[in-house]
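Below is one structure, written out as structure tokens; comments come after it.
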Amino acid sequence: DAGITQSPRHKVTETGTPVTLRCHQTENHRYMYWYRQDPGHGLRLIHYSYGVKDTDKGEVSDGYSVSRSKTEDFLLTLESATSSQTSVYFCAISGVDSSYEQYFGPGTRLTVT
Amino acid sequence: GQQVMQIPQYQHVQEGEDFTTYCNSSTTLSNIQWYKQRPGGHPVFLIQLVKSGEVKKQKRLTFQFGEAKKNSSLHITATQTTDVGTYFCAGNTGGGNKLTFGTGTQLKVEL
């Protein structure tokens, strides 16, 4: 498995509280992604990064922000968590070769009560 | 925006039976990738198809990319219990690194 870790792995939080999820890679890959996975929806892209301080929105970015101050770290922040953001969050990385295959982290299960 | 649909959503088979999942995109794809996710696990890359009409095999798995580059299929011959999981296709419309994932097909294999 690629060197990707996510923290925390599980979190329960209350509605309205801020939450930050961390993705850390040791592969020096350029691209990093945050997805959420919900039953019946597959994987949906929240935000992605194509380099340090370079980020862009995915298809479900409302309510989320990201930051990437170092190549190895990509942070996902829920400014004010809502119950609709209860989900499993996956981080992924990919390199700069032509295939752009993505390697996924182990996931973070977030529950907003 | 781009949509990628997969059918069926679920499939139960007896061990030894064949299995196929189909992926359809609303737009032409520059390439398509397939991933497998075991229960409780994370998606794992299986293969990428790039050329129109391309067929690739990995042991009992056969992947096809349609002539119009808008659909793809994954066929498993003689399923085994180790094939259990959810299979996702993911399409790339060009311009680099963003993928749109299909909704997935969950495969269960019974002895």
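Chains as they are written, first to last, in our numbering: chain A, 1 to 113; chain B, 1001 to 1111. For glycine and all other residues, C-beta sits at the position ideal for the given N, C-alpha and C.
Beta bridge counterpart(s) of residue i as assigned by DSSP
| i | result |
| --- | --- |
| B:T1086 | B:Q1037 and B:Q1106 |
| B:I993 | In the structure as shown, chain B starts at 1001 and stops at 1111, and residue 993 of chain B therefore has no counterpart that could be examined. |
| B:T1093 | In the DSSP output, where bridge partners are listed per residue, B:T1093 has none listed. |
| A:G51 | A:D54 |
| B:K1057 | B:T1062 |
| B:S1169 | Look at the range of chain B in this structure, 1001 to 1111, and you will see that residue 1169 of chain B is not part of it. |
| A:K70 | A:D73 |
| A:H10 | A:R109 |
| A:L21 | A:L76 |
| A:Y100 | Partner(s): none; A:Y100 has no beta bridge. |
| B:T1100 | B:G1091 |
Boundaries of the beta strand (DSSP E) in which residue i is found, first to last residue
| i | result |
| --- | --- |
| A:D62 | Premise fails: A:D62 is in no beta strand (DSSP E) and is neither H nor E. |
| B:D1018 | Where B:D1018 is concerned, there is no enclosing beta strand (DSSP E), given that its DSSP letter is neither H nor E. |
| A:R7 | First, the residue type needs correcting, since residue 7 of chain A is Ser and not Arg in the sequence shown. I4 to S7 is the extent of the beta strand (DSSP E) around A:S7. |
| A:H41 | Element bounds for A:H41: n/a, residue is neither H nor E. |
| A:A92 | S87 to S94 |
| A:L75 | D73 to L78 |
| B:Q1011 | Y1010 to Q1014 |
| B:Q1003 | Element bounds for B:Q1003: n/a, residue is neither H nor E. |
Sequence-distant residues of its chain with Cβ nearer than 6 Å to residue i (five each side left out)
| i | result |
| --- | --- |
| A:E14 | T113 |
| A:R109 | H10 and V88 |
| B:Y1022 | I1007 and S1073 |
| B:N1024 | M1005 and N1071 |
Interface residues of chain A facing residue i [CB-CB closer than 8 Å]
| i | result |
| --- | --- |
| B:N1024 | Correct list: empty, because the minimum Cβ distance to chain A is about 14 Å. |
| B:K1098 | L45, Y48 and G58 |
8 Å Cβ shell around residue i - same chain, five flanking residues per side excluded
| i | result |
| --- | --- |
| B:V1084 | R1038, P1039, L1107, K1108 and V1109 |
| A:N28 | T71 and E72 |
| A:S69 | V52 and K53 |
| B:P1043 | Y1035, K1036, Q1037 and F1088 |
| A:R44 | Y35, R36, Q37, D38, G58, E59 and V60 |
| A:V50 | Val is not the amino acid found at residue 50 of chain A; the sequence shown has Tyr there. Cβ neighbours of A:Y50 beyond the five flanking positions: R30, Y31 and D56. |
9 Å Cβ cut-off: residues of chain B touching residue i
| i | result |
| --- | --- |
| A:Y89 | Result: empty, since nearest Cβ-Cβ is about 11 Å, beyond 9 Å. |
Per-residue contacts from residue i into chain A (C-beta, under 7 Å)
| i | result |
| --- | --- |
| B:Q1064 | What B:Q1064 touches in chain A: nothing, since even the nearest Cβ is about 18 Å away. |
| B:Q1033 | E101 |
Per-residue contacts from residue i into chain B (C-beta, under 7 Å)
| i | result |
| --- | --- |
| A:P106 | H1042 |
| A:H146 | Outside the displayed range of chain A (1 to 113) lies residue 146 of chain A, so it cannot be described from this structure. |
Neighbour list for residue i in chain A, Cβ cutoff strictly below 9 Å
| i | result |
| --- | --- |
| B:Q1011 | Result: empty, since nearest Cβ-Cβ is about 15 Å, beyond 9 Å. |
| B:G1001 | E59 |
| B:N1092 | Y100 |
| B:F1019 | The contacting residues do not exist; B:F1019 stays about 18 Å from chain A at best. |
Within chain B, the residues that residue i reaches when beta carbons sit closer than 8 Å
| i | result |
| --- | --- |
| A:Y31 | N1097 |
| A:S94 | N1097 |
Sequence-distant residues of its chain with Cβ nearer than 7 Å to residue i (five each side left out)
| i | result |
| --- | --- |
| B:Q1014 | E1110 |
| B:R1060 | I1076, T1077 and A1078 |
| B:H1012 | K1108 and E1110 |
| B:F1045 | Q1033 and Y1035 |
Contact between the region 38-50 of chain A and the region 22-29 of chain A: three or more CB pairs below 8 Å?
-> no
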